[in-house]
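Written below as structure tokens is the structure these notes are about.
2 protein chains.
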Amino acid sequence: MKTLTSDDLKLLESRYRARLVNSLSGVKSANLVGSTDKEGRENLSIVSSCFHLGADPALMGLIFRPAVVERHTFENIVETGQYTINHVNGEIVEKAHQTSARYPKSVSEFDATGLTSVYENNFTAPFVKEANVQLGLKLKKRIHLEVNKTELIIGEIVLIRLSEDILKDDGFVDLVSANSVGVTGLDCYHSINKGDRLSYAKVDLPITKLNLDGEKL
Amino acid sequence: MKTLTSDDLKLLESRYRARLVNSLSGVKSANLVGSTDKEGRENLSIVSSCFHLGADPALMGLIFRPAVVERHTFENIVETGQYTINHVNGEIVEKAHQTSARYPKSVSEFDATGLTSVYENNFTAPFVKEANVQLGLKLKKRIHLEVNKTELIIGEIVLIRLSEDILKDDGFVDLVSANSVGVTGLDCYHSINKGDRLSYAKVDLPITKLNLDGEKL
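Which chain is which? The protein sequence lines are U and D, in order. Using the numbering used here, you'd call the opening residue of the first sequence number 5 and step up by one each time. Using the numbering used here, you'd call the opening residue of the second sequence number 5 and step up by one each time.
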């Protein structure tokens with residue numbers, strides 16, 4: 005095993021350290037956040053910081069650094085209270101990655117990358133038509149994390165749009181069929197292999213495999 | 005597309021809703037959190053809520069529900085200020101999943117599942133020997149998220165142990181060779197396919213693919 009201490013980390017060149025530390029939490033989800041400002045100007049930004057926070061109410065967290073490329077998105081969310089989260093899939097990886105370029109606020113990343121904005125159910129934030137999982141969220145809470153000056157945005161999922169057939173009998177969503185990708189580090193995109201669903205773990209009972217509908221094989 | 009509104013979500017059976025909403029953030033990392041209580045009794049718990057929070061200092065977040073299976077882990081972290089995060093890999097998925105069974109506090113999930121605890125560099129929390137990525141963390145901040153009564157634990161990475169050869173020239177970590185798995189929903193474990201690293205996105209410049217060391221192909 006190779007070992008690095010916090011002293012070693014301090015001595016690393018900053019981009020090297022960013023690539024390393026961004027790899028350490030494991031595989032992350034790749035999502036596109038759609039938003040508009042008060043004037044309705046669209047913004048679209050790829051994020052790998054989206055995480056599940058709770059199912060009832062359905063809450064999701066997003067981390068924003070204070071002054072970086074995602075700032076337009078952060079400002080829009082605070083300004084309008086609405087945003088969308090859209091799964092990146094294998095068909096749109098390069099377009100999705102391109103949204104991380106530093107476009108001026110007047111440029112819609114939808115226009116710049118060729119992704120398609122759609123508006124649904126009176127939601128003012130744009131969804132990504134090409135995504136197989138599209139979520140509409142309302143801002144619930146913004147928390148400044150003083151420990152490193154990041155911002156935690158907590159949103160409630162108020163609209164879910166899914167491709168037909170990926171929602172299974174017991175509520176599980178088949179993200180392999182959705183072609184949702186994972187990201188490692190800052191820049192590496194991975195498709196995921198067909199997975200094994202495992203039974204609820206109990207003391208003194210062996211684990212069994214389940215099919216995608218949650219039934220024992 | 006299939007559409008669900010927040011009214012639809014409210015009407016769902018609770019376990020169905022948990023499976024659905026846990027799927028919506030996309031693929032998550034699967035990690036084992038190692039800890040001890042003040043008396044040195046070991047605990048090991050699988051989590052899918054670990055997320056990258058910042059590279060300098062190297063910070064990671066973890067979400068805990070207030071009164072569930074991971075509670076021993078949460079209490080231990082608050083009690084001792086130390087814990088480890090260890091990537092689940094394809095070789096240990098079933099043992100890792102089994103740690104989610106409700107063992108009493110007197111039982112070490114290492115003993116119950118056959119995973120191996122190791123102690124390194126005067127760190128009091130146990131690492132998982134079988135993991136190819138092992139991290140030692142010190143508690144920096146605990147934040148109660150009133151919005152759904154969950155707890156956010158923020159830790160600083162103070163020790164990194166990696167398998168030889170997975171750390172690439174520019175700091176990127178090859179998590180495919182590490183065999184680190186992703187999880188979707190509550191119970192589905194996926195290996196990830198060899199990924200494409202993409203060049204830093206710039207306005208008016210096409211994206212190119214990089215090799216694992218970050219060099220243009």
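Ideal Cβ placement from N, Cα and C applies to all residues, glycine included. As the structure is a prediction and not an experimental result, all values here were calculated from the model.
Amino acids of chain U, ordered along the chain, whose beta-carbon sits closer than 7 Å to that of residue i
i, result
"D:Asn152", "Leu57, Gly58, Pro61 and Leu63"
"D:Tyr123", "Ordered by position in chain U, no residue passes the 7 Å Cβ test against D:Tyr123, which lies about 13 Å from the chain."
"D:Ser18", "Asp60"
"D:Leu139", "Leu28"
Three-state class that DSSP yields for residue i in the structure shown
i, result
"D:Ile158", "strand"
"U:Phe55", "strand"
"U:Lys145", "strand"
"U:Tyr87", "strand"
"U:Arg165", "strand"
"U:Glu46", "strand"
"U:Leu13", "helix"
"U:Phe68", "strand"
"D:Leu221", "coil"
"U:Asn93", "strand"
"D:Ala62", "strand"
"D:Asn35", "strand"
Short Cβ contact (9 Å threshold) for residue i with residue j
i, j, result
"D:Leu141", "D:Met64", "yes"
"D:Gly38", "D:Leu48", "yes"
"U:Asn90", "U:Val137", "yes"
"D:Ser121", "U:Val162", "no"
"D:Val177", "U:Gly189", "yes"
"D:Thr117", "D:Gln86", "no"
"D:Thr88", "D:Val132", "yes"
"U:Arg75", "D:Gly175", "no"
"U:Ile50", "U:Ser104", "yes"
Under 8 Å by beta carbon: chain D residues contacting residue i
i, result
"U:Glu168", "Met5 and Lys6"
"U:Glu98", "Leu202 and Ile211"
"U:Leu171", "Lys6 and Leu24"
Per-residue contacts from residue i into chain U (C-beta, under 8 Å)
i, result
"D:Asn26", "His56 and Ala59"
"D:Ile161", "Ser10, Leu13, Val25 and Leu28"
"D:Val132", "Here the premise fails: no neighbours, minimum Cβ distance about 12 Å."
"D:Ser181", "Ordered by position in chain U, no residue passes the 8 Å Cβ test against D:Ser181, which lies about 11 Å from the chain."
Within chain D, partners of residue i - CB distance below 9 Å
i, result
"U:Ala22", "Ala59, Asp60 and Gly175"
"U:Ile158", "Leu149, Val151 and Asn152"
"U:Leu48", "Chain D residues near U:Leu48: none, gap ~13 Å exceeds 9 Å."
"U:Leu221", "Ordered by position in chain D, no residue passes the 9 Å Cβ test against U:Leu221, which lies about 13 Å from the chain."
"U:Ser53", "Phe55, His56 and Leu57"
Unbroken alpha helix (DSSP H) run spanning residue i, endpoints
i, result
"U:Ala100", "Val97 to Gln102"
"U:Asn197", "Counting along the chain, U:Asn197 falls outside any alpha helix (DSSP H), and DSSP gives it neither H nor E."
"U:Ile81", "Arg75 to Thr84"
Chain-ordered chain D contacts of residue i [CB-CB under 7 Å]
i, result
"U:Ala105", "Ala205, Lys206 and Val207"
Chain U contact residues for residue i, given Cβ-Cβ distances below 9 Å
i, result
"D:Lys145", "Leu149, Glu150 and Val151"
Bounding residues of the beta strand (DSSP E) (the contiguous stretch that carries residue i)
i, result
"U:Thr117", "Here U:Thr117 belongs to no beta strand (DSSP E); instead the alpha helix (DSSP H) covers Glu113 to Thr117."
"U:Asn228", "In the structure as shown, chain U begins at 5 and stops at 221. Residue 228 of chain U is therefore absent and cannot be evaluated."
"D:Val187", "Gly186 to Thr188"
Near-chain D residues of the stretch 68-92 of chain U - C-beta to any C-beta below 7 Å: Residues His91.
Of the residues that make up the stretch 32-44 of chain D, which ones have a beta carbon closer than 9 Å to any beta carbon in chain U? Hits within the stretch, in order: Lys32, Ser33, Ala34 and Asn35.
Taking a Cβ distance cut-off of 9 Å, strictly less, list which residues of the stretch 186-206 of chain U are near chain D, in chain order. Here the close residues are Gly186, Val187, Thr188, Gly189, Leu190, Asp191, Cys192, Tyr193, His194, Ser195, Ile196, Asn197, Lys198, Gly199, Asp200, Arg201, Leu202, Ser203, Tyr204, Ala205 and Lys206.
Can you pull out the residues from the stretch 110-121 of chain D whose beta carbon lies closer than 9 Å to at least one beta carbon of chain U? Flagged, chain order: Val111 and Ala116.
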